[in-house]
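So the sequence shown is numbered by this note's numbering: it starts at 999 and just counts up by one. Working notes, beginning with the structure itself.
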Amino acid sequence: MVKLTGYKKVKAAVFISGTGSNLKSLIKFSKTKKSPISINLIISNNPKAKGLKLGKINKIKKKVFNFKKNYKIENRILFVLKEHEIKVILLAGFMKILSKNFITKFKGKILNIHPSLLPKYKGLNTHQKALNNYEKYAGCTVHFVNSKLDSGKIILQKKVKITKNETRDSLAKKVLIQEHKLYPKAILKVFNL
Ligand code: GAR
């Protein structure tokens, strides 16, 4: 559990790799009075991530790191996070796996959103996997990050019904709409609000 001190918002960094629609909804949420967090930094492994544009629009600092040299890069990220007094990390469509060492340094302070009803369908292609298994429901999960992929303690989940003729893309769209609502709710829950 993350504790709020006084009336100041806790500084968060959002890690992205692509479109950044979750980042967009998190920025919107962070600007509301009820939000316990402010977003002070956007980090990406992908210089072409569309979501990076949201940094400029919202005057949030952004940094791109080349993950090919993994170990040293994580140390540099940790340095930058410290520099910006970041206390919480929100993974939002971040497609790189963070090392155990990195996660330990931010223990209990890293959240992730995953497009499935965990523990089902960890990893990639979650929607196709759900369709292949003739699931009745799909959904999304916000969870704490631990050193095992998509396995940390679940904070909140939202189910969506899989309809007849559902495709991977139609399901992804439906789930994404729920993701945008679920992540802010999960943050409020983590802060006991
Ligand atoms: C989201 O559906 C998110 O749950 C998923 O990537 C998408 C990012 O969309 N994350 C993962 O699959 C992580 N394993 P966005 O860039 O528009 O937020």
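A virtual CB, placed ideally from N, CA and C, is assigned to each residue, including glycine.
Checking the sheet assignment: what are the DSSP bridge partners for residue i?
i     : result
Y1193 : Within the shown structure, residues of the chain are numbered from 999 to 1191, placing residue 1193 beyond reach of any answer.
I1108 : I1087
K1061 : I1041
A982  : This structure cannot speak to residue 982, because the chain is shown only from 999 to 1191.
L1154 : V1140
Measure the Cβ-Cβ separation of residue i and residue j and say whether it is below 7 Å.
i     : j     : result
V968  : P1045 : No statement about residue 968 is possible, as the shown extent of the chain runs from 999 to 1191 and does not include it.
I1014 : S1036 : no
I1153 : K1179 : no
K1171 : I1084 : no
A1011 : I1087 : yes
K1120 : L1147 : yes
Cα separation between residue i and residue j?
i     : j     : result
A1090 : L1076 : 18 Å
K1183 : L1174 : 15 Å
K1156 : Q1176 : 7 Å
K1054 : K1031 : 22 Å
L1021 : L1122 : 19 Å
A1136 : K1080 : 37 Å
P1113 : T1139 : 6 Å
T1165 : S1149 : 26 Å
K1007 : K1070 : 30 Å
I1111 : K1066 : 23 Å
K1118 : N1064 : 30 Å
K1134 : K1060 : 39 Å
Please list, in chain order, all residues of the same chain as residue i whose beta carbon is under 6 Å from its beta carbon, the five residues on each side excluded.
i     : result
N1056 : I1025
G1073 : According to the sequence displayed, residue 1073 carries Asn and not Gly. Hits under 6 Å: none found.
L1169 : H1125, A1136
H1082 : N1038, L1039
F1027 : S1033, P1182
Beta carbon of residue i: closer than 6 Å to some heavy atom of ligand 3?
i     : result
A1090 : For the structure depicted, ligand 3 is absent and the ligand set comprises only ligand 1.
Leaving out five residues before and five after residue i in sequence, what residues of the same chain have Cβ atoms less than 8 Å from its Cβ?
i     : result
G1016 : N1044, A1047, K1048, G1049, G1091, M1093
I1058 : I1025, I1037, N1038, L1039, I1040, L1052
Excluding the 5 residues preceding and the 5 following residue i in the sequence, name in chain order all residues of the same chain whose CB lies nearer than 7 Å to its CB.
i     : result
K1029 : none
- Between the stretch 1140–1160 and the stretch 1100–1111, do three or more beta carbon pairs fall short of 8 Å? yes
>> Check whether the stretch 1116–1130 and the stretch 1159–1166 are in contact - that is, three or more C-beta pairs closer than 8 Å.
In response: yes
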